[in-house]
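What follows is a set of notes on a single structure, which appears directly below.
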Amino acid sequence: MGLASRSTVLLLLSWVSLCISTDQLSPAKPLIFPDGKLISNNGVFALGFFSPTNSSTRFYIGIWYNNDPAHLTVVWVANRGSPIVTPSSATLAVTNRSDLVLSDTRGRIYWTTTNNITATGTGGTAAALLDDKGNLVLRSSEGATLWQSFDHPTDTILPGMPVWVNYRTRFTQSQLVSWRSPEDPSAGDFSLGADVSSGIQYVLKDGPRLLWRSGAWNGEMVLDYTPNNSSTVIIMSIVTNGDDISLMFSVSDGSPSMYVRVIHTGRYEFTVWNRTAAAWTVLEAHPGAGCDRYAACGPFGYCDATEASPACKCPDGFERDGTSPSGGCTRKEPLRCGGGDYFATLPGVKTPAMPVFVRNRSFDGCTAECRGNCSCTAYAYTNLSTAISGGDMSRCLLWFGELVDIAKDVNIDGENLYLRLAGSSTVPKKSNLVKIFLPITTFVLLLAFAALVWTYKYRGTRRKKKVQKRLMLQYLRSTDETGDKNIEFPFISFDDIVAATDNFSDANMLGKGGFGKVYKGLLAGTNEVAVKRLSKSSGQGTEEFRNEVVLIAKLQHKNLVRLLGCCIHQDEKLLVYEYLPNKSLDYFLFDSERNLMLQWPTRFKIIKGVARGMMYLHHDSRLTIIHRDLKASNILLDKEMIPKISDFGMARIFGGDLHEANTNRVVGT
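The sequence shown begins at 1 in full-length UniProt numbering and counts up by one.
If you want it as structure tokens, here you go:
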């Protein structure tokens, strides 16, 4: 029977028998060079023979995405270290011992699986199936999984593919290893896998040298991709099975094809299929520049990328060690075991490298675990019970010795790091008492003299301020529609505001509107503030001034802008707020370049913050407040990109038992 006749017979049998399919291998249906191929049920993946260089000297069995047959995107290679040199007689077959074997007619075996289960032991023959996840699964006739390619990755992770590590033995059971070159799929120098010390973060290495790490997973979503106005959510998760812990990522339904790969140049790339362009697009790559480099700021230093330019900084209790930013930091005081050491919080950071992972501890138990060991320099805690698959688990991380690779970034789901610091110093020696107390005594005497001069010189000014404050209180109470006479807020003198804003210099102006102008200022030369100066000709401005003071003085919430003080001076009415360096939400949303800075974790944080602020106004505050002018320009962002609702000039107050009210003005945007 010729090859064409044999193909026709096999095609007919595939319609008659469910046991023969284009996505399955069986002992009776091997894969034969060169055109033998498996296609997954929905055509997503293919398995077959390929050559990276399109030559006739080196061939491999691999799995690739089937969306672009002209340019194979290979995601798994069976015989990466043993290329087929006589391809004309090569076959991939399921044996009667329930193994997959790649061999030729000369008897050379290029690659094989190893199972201890025979066909007789399984009650029948095994079969291999290529599914739409890209997983080649060898199953017994009863359906038991004997072997799968997901447990033996090469250089690529696909959605749903676990990367396992054993918690007890610290042995990583699967990791990615780069190709040697684009023409050679044999094992290269670079690897990506689960961190053996914790099992809950990815690490990229060049041999034994660490190049990059993802940071310990804390149950948060890691990425959001929005191609052509359709959102794809990519979620990191943990699966536990006894002592085995695995990391994997999954995607929302309807997502385009994607993969994670470690390439031969030593980079980790997250790549997604762009359906519009019909091409692969690199969505994320590591390591990058700045804070993405491993240990960029040395021992105990942390890389702060929340500002315009990333900078190396030292935590409280530490100082720069040398002149180089990458030289790290050193303790101002050495630790003294049992000598009153305490833990200071370093908030919102990517925790250090090389933690010791302790399971099933409460927060107090994690604290005690570190406090009771003098060598423990820091700890972090997260309860993962609601975020993992396979059982309850808490995550207590402990560090011993130097702390490296700490980072702070608006795009990182940071957490609290509890850092061990030395307690207060012991009593100084007697020989040093004179050196310490002499300058202190001199300083106290000078301070007392200066206080007397200040009291005499500014007594009249203080009386003037009291008069102005009394007038301001009378004005506000006369306009407080709630009838509350217990409004309390700081009074700031007009002279201090003039000095802070450099006499309302145009160079300090942040913006303007119908109510007036807003200026940046420095109160007492150190505290950055925003000063709203109401226009004298604006009737709207006067009412806004009353609303801002009366309402914000009553409201306290981290997602509402904070009023620091106010001032009435002759015809001037001024409000002083906390200064928020990242301006307003519209500054990012409606700019094509700055819009890209708002990754999904940041957007989600802003959404939650605004929702919390509105919940407080509508339900949780003593008075029900309706803002009536909520828009992107009225949502300000602090240096941590935490949103603050501002501009309460149009707001209305409801009594606790009211559900509606009338207004004489049409407002809002």
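Ideal placement from N, C-alpha and C gives every residue a C-beta, glycine not left out. From a predicted model like this one, the values you see are computed outputs, not experimental measurements.
*asked:* Is there a C-beta anywhere in chain C that falls below 9 angstroms from the one on THR112?
replied: The structure shown contains no chain C; it holds only a single protein chain.
_So, at 7 angstroms on beta carbons, what are the nonlocal neighbours of SER621 in its own chain, with the 5 sequence-adjacent residues on each side left out?_
Within the sequence shown, the letter at position 621 stands for residue 621. For SER621, where only same-chain residues beyond five positions count, the Cβ hits under 7 angstroms are LEU555.
_Under the three-state DSSP convention, the category CYS291 falls into_ = Position 291 of the sequence shown, counted from the first residue, corresponds to residue 291. For CYS291, the three-state secondary structure derived from DSSP is helix.
*asked:* Tell me the DSSP secondary structure of PRO315 in three-state form.
replied: For the purposes of this step, residue 315 is taken as the residue at position 315 of the sequence shown. PRO315: coil per DSSP, three-state reduction.
*Are LEU403 and PRO299 touching if we call contact CB-CB under 9 angstroms?*
Residue mapping note: residue 403 aligns to position 403 of the sequence shown, counting from 1. Residue mapping note: residue 299 aligns to position 299 of the sequence shown, counting from 1. Less than 9 angstroms divides the Cβ of LEU403 from the Cβ of PRO299.
*Measuring CB to CB, does HIS627 end up less than 9 angstroms from MET641?*
Here residue 627 corresponds to residue number 627 of the sequence shown, with the count starting at 1. Here residue 641 corresponds to residue number 641 of the sequence shown, with the count starting at 1. 9 angstroms or more divides the Cβ of HIS627 from the Cβ of MET641.
*Contiguous alpha helix (DSSP H) assignments of at least 4 residues, all confined to the UniProt domain "Apple" (337-422)*: The qualifying runs are 363-371.
*Just the Cα atoms here: how many angstroms apart are SER214 and PHE504?*
As a first step, residue 214 must be located in the sequence shown, where it is residue number 214. As a first step, residue 504 must be located in the sequence shown, where it is residue number 504. Whole-angstrom Cα-Cα distance: 47 angstroms.
_Residue ranges of each beta strand (DSSP E) within the stretch 507-587, 3 or longer_ = Fully enclosed beta strand (DSSP E) runs of 3 or longer: 509-513, 516-523, 527-534, 563-569, 572-578.
*Would DSSP call ASP484 helix, strand or coil?*
Here residue 484 refers to the residue found at position 484 when the sequence shown is read from its first residue. Model confidence at ASP484 stands at a pLDDT of 49, short of 50, so the residue's coordinates are unreliable and nothing is read from them.
*Closest by CA to ILE84, which one among VAL94, ASP104, GLN599, VAL177?*
As a first step, residue 84 must be located in the sequence shown, where it is residue number 84. Here the closest residue by C-alpha is ASP104.
*Mind reading off the beta-carbon distance from GLY328 to SER186? Whole number of angstroms is fine, and I expect it under 8 angstroms.*
On the sequence shown, residue 328 is found 328 positions in, with the first residue counted as 1. On the sequence shown, residue 186 is found 186 positions in, with the first residue counted as 1. Between SER186 and GLY328 the Cβ distance is about 38 angstroms, and since that is not below 8 angstroms, they are no contact.
*So PHE45 is in the beta strand (DSSP E); what residue range does that whole segment cover?*
The residue you call residue 45 lines up with position 45 of the sequence shown. Here the beta strand (DSSP E) through PHE45 covers 45-50.
*Nearest neighbour of VAL131, chosen from ALA28, TRP111, GLN24, LEU102 [CA to CA]*: Here residue 131 corresponds to residue number 131 of the sequence shown, with the count starting at 1. As written in the sequence, residue 131 is Asp, which differs from the Val given in the question. Closest option to ASP131, Cα to Cα, is GLN24.
*Given 8 angstroms, three or more beta-carbon pairs between the stretch 407-415 and the stretch 335-350*: Output reads yes: the stretch 335-350 touches the stretch 407-415.
*So what does TYR259 bridge to, in DSSP terms?*
In the sequence shown, residue 259 corresponds to position 259, counting from 1. Assignment of beta-bridge partners to TYR259 by DSSP yields THR271.
*In the DSSP assignment, find the unbroken beta strand (DSSP E) run with PRO643 in it and report its ends.*
Taking the first residue of the sequence shown as position 1, residue 643 is located at position 643. Residues 643-645.
*Closest Cα partner of PRO325 within the set VAL94, THR156, ALA296*: Position 325 of the sequence shown, counting from 1, holds the residue named residue 325. Ranking VAL94, THR156, ALA296 by CA distance to the CA of PRO325 puts ALA296 first.
*Alpha carbon to alpha carbon, how far is PHE357 from TRP600?*
As a first step, residue 357 must be located in the sequence shown, where it is residue number 357. As a first step, residue 600 must be located in the sequence shown, where it is residue number 600. PHE357 and TRP600: Cα-Cα distance of roughly 28 angstroms.
*asked:* So for VAL610, helix, strand or coil by DSSP?
replied: Start at 1 with the first residue of the sequence shown, and residue 610 comes out as number 610. Per DSSP, reduced to three states, the secondary structure at VAL610 is helical.
*Taking all protein chains shown into account, decide if PRO439 is buried (16 or more other Cβ within 10 angstroms of its Cβ) or exposed.*
Reading the sequence shown from its first residue, position 439 is the one you call residue 439. Exposed, since its Cβ has fewer than 16 Cβ neighbours within 10 Å.
_Are the CB atoms of ALA380 and TYR418 within a distance shorter than 9 angstroms?_
Here residue 418 is taken as the residue at index 418 of the sequence shown, counted from 1. Here residue 380 is taken as the residue at index 380 of the sequence shown, counted from 1. A distance below 9 angstroms separates the beta carbons of TYR418 and ALA380.
*Tell me, please, which residues DSSP counts as bridged to LEU281.*
Locating residue 281 in the sequence shown gives position 281, where the first residue counts as 1. The sequence as given places Thr at residue 281; Leu does not occur at that position. When DSSP reads this structure, THR281 sits in a beta bridge with VAL272.
*asked:* Check for me: the beta strand (DSSP E) holding ASP184 runs from which residue to which?
replied: Numbered from 1 along the sequence shown, position 184 holds the residue referred to as residue 184. Here the beta strand (DSSP E) through ASP184 covers 184-194.
*Below 8 angstroms CB to CB, which residues in the same chain sit around SER89 once its five sequence neighbours on both sides are set aside?*
Indexing the sequence shown from 1 puts residue 89 at position 89. Only PHE33, ASP104, THR105, ARG106 meet the Cβ criterion.
*Pairwise C-alpha distance: ASN582 and THR156*: Here residue 156 refers to the residue found at position 156 of the sequence shown. Here residue 582 refers to the residue found at position 582 of the sequence shown. Going by the C-alpha atoms only, they are around 38 angstroms apart.
_CYS376 vs LEU398 beta-carbon contact at 9 angstroms_ = Within the sequence shown, residue 376 is the residue found at index 376, counting from 1. Within the sequence shown, residue 398 is the residue found at index 398, counting from 1. Cβ distance < 9 angstroms, so CYS376 and LEU398 count as in contact.
*With a threshold of 16 other CB atoms inside 10 Å of the CB of VAL427, please say whether the residue is buried or exposed.*
As a working mapping, residue 427 is identified with position 427 in the sequence shown. Interpretation of VAL427 is limited by its pLDDT of 38, a score under 50 that renders its predicted location unreliable; the figure taken from the coordinates is listed afterwards. When all chains shown are included, VAL427 counts as exposed.
*Is it true that the CB of ALA500 sits closer than 9 angstroms to the CB of GLY521?*
The residue labelled residue 521 in the question sits at position 521 within the sequence shown. The residue labelled residue 500 in the question sits at position 500 within the sequence shown. Contact flag set, yes.
*Between GLU307, THR323, TYR302, which lies nearest to LYS313 when the distance is taken from Cα to Cα?*
In the sequence shown, counting from the first residue as 1, residue 313 sits at position 313. Nearest C-alpha to LYS313: TYR302.
_C-beta atoms of ALA128 and LEU102 nearer than 9 angstroms_ = Counting from 1 along the sequence shown, the entry for residue 128 is found at position 128. Counting from 1 along the sequence shown, the entry for residue 102 is found at position 102. Their beta carbons are not under 9 angstroms apart, which means ALA128 does not touch LEU102 by this criterion.
*With VAL74 as the anchor, note down where its beta strand (DSSP E) starts and where it stops.*
Looking up residue 74 in the sequence shown gives position 74. It spans 73-77 - the beta strand (DSSP E) in which VAL74 sits, taken as one unbroken run.
*How would you call CYS334, buried or exposed, if buried means at least 16 neighbouring beta carbons within 10 angstroms?*
As a first step, residue 334 is located in the sequence shown; it is residue number 334 there, counting from the start. Here the sequence assigns Pro to residue 334, which means Cys is not the residue at that position. It counts as exposed.
_Which same chain residues end up closer than 6 angstroms to THR53 when comparing Cβ atoms and leaving out the 5 residues on each side of it in sequence?_
Residue numbering aside, residue 53 sits at position 53 when the sequence shown is read from its first letter. For THR53, where only same-chain residues beyond five positions count, the Cβ hits under 6 angstroms are GLU183.
*Beta-bridge partners of TRP147, as assigned by DSSP*: Residue 147 sits at position 147 when you count from the first residue of the sequence shown. Per DSSP, the beta-bridge partners of TRP147 are LEU138.
*So what does DSSP say about PHE443, is it helix, strand or coil?*
Within the sequence shown, residue 443 is the residue found at index 443, counting from 1. Here PHE443 sits in helix by DSSP.
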